[in-house]
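In what follows, a single structure is set out as structure tokens and then discussed.
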Amino acid sequence: MTDVVVSVDVAVPAGTAWLALTDWERQGEWMLGTEVKVVEGNGRSVGSKLSAFTGVAGIGFTDTMEITTWEPPLRCVVTHLGKIVQGTGVFQVIEKGPHSSTFVWAEHLRPPFGVVGRLGWPVAKPGFELGLRLSLQKFVKYAEGYRVG
Numbered sequence: 025m026t027d028v029v030v031s032v033d034v035a036v037p038a039g040t041a042w043l044a045l046t047d048w049e050r051q052g053e054w055m056l057g058t059e060v061k062v063v064e065g066n067g068r069s070v071g072s073k074l075s076a077f078t079g080v081a082g083i084g085f086t087d088t089m090e091i092t093t094w095e096p097p098l099r100c101v102v103t104h105l106g107k108i109v110q111g112t113g114v115f116q117v118i119e120k121g122p123h124s125s126t127f128v129w130a131e132h133l134r135p136p137f138g139v140v141g142r143l144g145w146p147v148a149k150p151g152f153e154l155g156l157r158l159s160l161q162k163f164v165k166y167a168e169g170y171r172v173g
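The letter at position 146 of the sequence shown is residue 170 when you use our numbering, and the numbering goes up by one with no holes.
If you want it as structure tokens, here you go:
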């Protein structure tokens, strides 16, 4: 397993950050190259399943996830069920005051492709982390302008 943890401060209350974060169908507005859909359940409870396609011009992969922990407005854990992405993802919102919070995104992943994936991960990890950090920068603007509906 390998861990990647990134975080960003957001000038919105924890509840707003949580709603923006878990608005799955709109994650493509801030998550680089990714479109997410709820494919089973309501997307706001344990057992709900999500499908995230990451790629460009139809070339990429689909990451299927199941929500295994749902603790609004603080924490959501997903289990990655796909062949490419396996492990768990943790989305956490930490209240920092009435008008600010921190979004922490942690991925605990098993590199794909066996030995080749494990050997290649040190080369791929910086690019993966950069993608997460760029997504979090976009999340700040998205969350600070977030409106329900």
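By construction, the Cβ of each residue, glycine as well, lies at the ideal position given by its N, Cα and C atoms.
All values derive from a computational prediction rather than experimental measurement.
Could you tell me which uninterrupted beta strand (DSSP E) segments, each at least 3 residues in length, are contained entirely in the stretch 114-165, listed from first to last along the chain? The qualifying runs are 124-134.
Indicate whether residue 31 and residue 128 have their beta-carbon atoms separated by less than 8 Å. Along the sequence shown, read from residue 1 onward, the residue named residue 31 stands at position 7. Along the sequence shown, read from residue 1 onward, the residue named residue 128 stands at position 104. Their beta carbons are under 8 Å apart, which means residue 31 touches residue 128 by this criterion.
Tell me which residues share the same chain as residue 132 and place their Cβ nearer than 6 Å to its Cβ, disregarding the 5 neighbours each side in the sequence. The residue labelled residue 132 in the question sits at position 108 within the sequence shown. Here the set comprises 25, 27, 111, 112.
For residue 97, the nearest candidate out of 47, 154, 29 (CA to CA): As a working mapping, residue 97 is identified with position 73 in the sequence shown. Per the C-alpha coordinates, the member of 47, 154, 29 positioned closest to residue 97 is 47.
Name the two residues that bound the continuous alpha helix (DSSP H) containing residue 41. Residue mapping note: residue 41 aligns to position 17 of the sequence shown, counting from 1. Residues 38-45.
When the distance is taken between beta carbons, is residue 124 closer than 8 Å to residue 35? The residue labelled residue 35 in the question sits at position 11 within the sequence shown. The residue labelled residue 124 in the question sits at position 100 within the sequence shown. Their beta carbons are under 8 Å apart, which means residue 35 touches residue 124 by this criterion.
How should residue 33 be labelled, buried or exposed, when 16 other C-beta atoms within 10 angstroms of its C-beta is the threshold for buried? Residue 33 sits at position 9 when you count from the first residue of the sequence shown. By the neighbour-count rule (16 or more Cβ atoms within 10 Å), residue 33 is not buried but exposed.
Can you list, in chain order, the residues of its chain with a C-beta nearer than 6 Å to that of residue 142? Leave out the 5 residues immediately preceding and following it. Position 118 of the sequence shown, counted from the first residue, corresponds to residue 142. Hits under 6 Å: 135.
Report the rounded CA-to-CA distance for residue 72 versus residue 114, giving the unit in angstroms. By 1-based counting over the sequence shown, the position of residue 72 is 48. By 1-based counting over the sequence shown, the position of residue 114 is 90. Distance between the alpha carbons of residue 72 and residue 114 is about 15 Å.
Measure the alpha-carbon distance for residue 90 versus residue 60 and round it to whole angstroms. Taking the first residue of the sequence shown as 1, we reach residue 90 at position 66. Taking the first residue of the sequence shown as 1, we reach residue 60 at position 36. Straight-line Cα distance between these residues: approximately 13 Å.
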